[in-house]
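Only one structure is covered here, and it is reproduced in the block below.
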Amino acid sequence: MSAAGPQNSIVLWVAVLLAAWCTFAMGGVVFGVSALFPALYAQNYKSSACSARCSASAATSAAAVGSWPATTKRRLAEAGEFLSGSRGTLLEVAASAVLRGRSLHEGSFFDRLSGKAEHSKAEHSPGESKPESRNRHDAPHRRELPPPQPHAHSCSDPCPLGVETKCCDHQFVAFSLAASLAFFLVDAAAAPWGELADRRGGKLTLAWASLLSIAGFAALAGGAYLLDDAIVTAGLLALGCAGPGVFNGAFYGTLELIGTGEPKIRAALTSLNAAAFDGSALVFMLLRVAARAARVGLAAPCLAWAALCAPLCAHGSLLAQPAAAASEQVGMLQAAVEGESKSEVGEDAGDESETKSDVALPLSARWKREEEAARLRKLAVEAVYHLVSNFYLETQIDQLEELFGEPHAEPALPSRTRAGHAEWLSSAFNFAFPLGGLLASVPVASLLERAGEAEYFGIATLLANTFSLCSLSSSRQPQLAAALLFGPVRCLTWACYFQFLSTESRYPPGLSARAMGYNNVVIAIVGAAGPYTLAYLVNERALLGGASMGMGKGRGDSRYLQAKLFLQLCNTLIAIFPCLLWRERRRKQAGAAHSG
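At position 469 of the sequence shown (counting the first as 1) the number is 457 in our numbering, and the numbers step up by one without a gap.
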């Protein structure tokens, strides 16, 4: 249906704003999970991964020591007196040396330990003369055991509460797994929500998704209060699952309310919802700031946000498309696809039903044949971009700590200054990502209304590659530019994707919601599973040589450099898509001119 007149236009604009609010409040909340990392670290979320790793390392060490020869064990016993006052037990020190690949053969490690022990005894025996040994003369050149790092995790100590940094790398990997599962649900759950939106309408979809989202915030509050990892994880997964339902209900319900007219309002709906979906990442940052300002945990802010969402989203669902209209439209489209007669669709539909069926038949045929290549290409482009952006979302705080928060990064600066740079850049990203997307919605709407597909996809590809190139740098200014670019680029990419889906020649009305859902399942496999795999390889030092990679060797970004270079290559390849769109448009224009 299409609305006309000033009063109806006001109603449509109110519906658009309410749809954007619902999407902001509950749509893409999990995209801001990196802003929640410090608060969850403070409550020891996933700290059990460190203890489990220590247990596994102890078992491996015991097995390794059991296989050592008798001479090796005897030399360990001789050196035990000297090492008894050092950090850790002798077994931990020796086993650590084995796991790091140091030699335990005679004449190397144990000779140094034995010589060190003899030298120590000579210094503490004033009545005896100092032995003239090679070890005494070589003492200034011997390498001491490395001092403990200020934030290093010891297996003998539990992870402390209230510390907003990771306890160990394995805690970060476990956190990355939970975030990847939530990201996967954001895309994969779009398929069932799309079916529900197409069959039963936006009102019911928005209502059920809102209830699930409110339950997710309540679970986060309960997990924060009880310090229960399972409840917190359930809350994150519930928010990820509810996000596409909120978006589908708000977006497609309002889209059907607008109808085929009002192109300006349709463009505003597309850009505002794309911006609100990513702008929703600001929610976790707001909750973290509120918890820190009030000096309370996450429980109270999460409950307050859930209470704020409920009434406004209820008003938004009242303006969404009724379920009966959506069900009738889907029935007519399926009847046309299957070749059923117009009378089987319903005699009470009248001439309007017959007209819609006549239009739906060729659209469905074209949906199956002519646009297949363009749909598959766009699906591949979206999957690659989500891989790049989701990896940055999950790991940006760890990347910045490696670049600017470690002693080997910019050694000329004091450690407090380096840590301040990392924290400042991370906070800048957490604010700039959602706010940048929201501010970009106005120019993006104008671009979608005035430019063609090849033009706005070309601009999106150019900005996406600019972002990834900036993130490759190890300097502060390009990293700040990447943080500022991320929100607008993601808003533009989502808006182009939704605009592509709303093209009737590719996705006829009544099929667009479920088409987006099934497309997002494919996007979820690449865009959610890929970042966790890369994060695991990077943090386990298994990615093409681990920490000693060629470029960036010795720098803080060396762990992530190979992964980011691979993602940059993938991002460069998607530039082919706007070129193909431009060529296809030129071919159609030439064919039209020739036929005319």
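Built from N, CA and C at the ideal position, the CB exists for glycine as well.
Shorter than 7 Å from the beta carbon of residue i to some beta carbon of chain C?
i	result
Leu457	The structure shown contains no chain C, having only a single protein chain.
Can you tell me whether DSSP reads residue i as helix, strand or coil?
i	result
Glu152	coil
Gly267	helix
Asp175	helix
Arg283	coil
Tyr548	helix
Thr491	coil
Lys252	helix
Asn(-4)	helix
Ser434	helix
Ala3	helix
Glu183	helix
Asn507	helix
Lys191	helix
Ser429	helix
Tyr520	helix
Ser35	coil
Arg478	helix
Cys10	helix
Pro299	helix
Val558	The residue you asked about is not Val; residue 558 is Cys in the sequence shown. In the structure shown, Cys558 sits in a helix (DSSP, three-state: H, G or I).
Gly515	helix
Ser463	coil
Gly424	helix
Cys290	helix
Cys484	helix
When burial is assigned at 16 or more other CB atoms within 10 Å of the CB, is residue i buried or exposed?
i	result
Ile585	No information on residue 585 is available, as it lies outside the stretch -11 to 584 that the chain covers here.
Gln577	exposed
Ala483	buried
Gly440	exposed
Val2	exposed
Thr481	buried
Lys252	exposed
Thr491	exposed
Pro289	buried
His158	buried
Gly579	exposed
Gln465	exposed
Pro299	exposed
Arg478	buried
Ala8	buried
Ile246	buried
Cys301	buried
Ile511	buried
Ile385	buried
Ala586	The chain is shown only over -11 to 584; residue 586 falls outside these bounds and no answer can be derived.
Ser583	exposed
Arg547	buried
Leu215	exposed
Pro476	buried
Ala177	buried
Between which two residues does the alpha helix (DSSP H) harbouring residue i extend?
i	result
Ala361	Glu360 to Phe392
Ile447	Glu441 to Leu460
Gln577	Ile564 to Ser583
Val21	Val21 to Ala30
Margin query: Which runs of the beta strand (DSSP E) at least 3 residues long sit entirely within the stretch 205 to 244? Give them in chain order.
Written below: DSSP runs (the beta strand (DSSP E)) wholly in the stretch 205 to 244: none.
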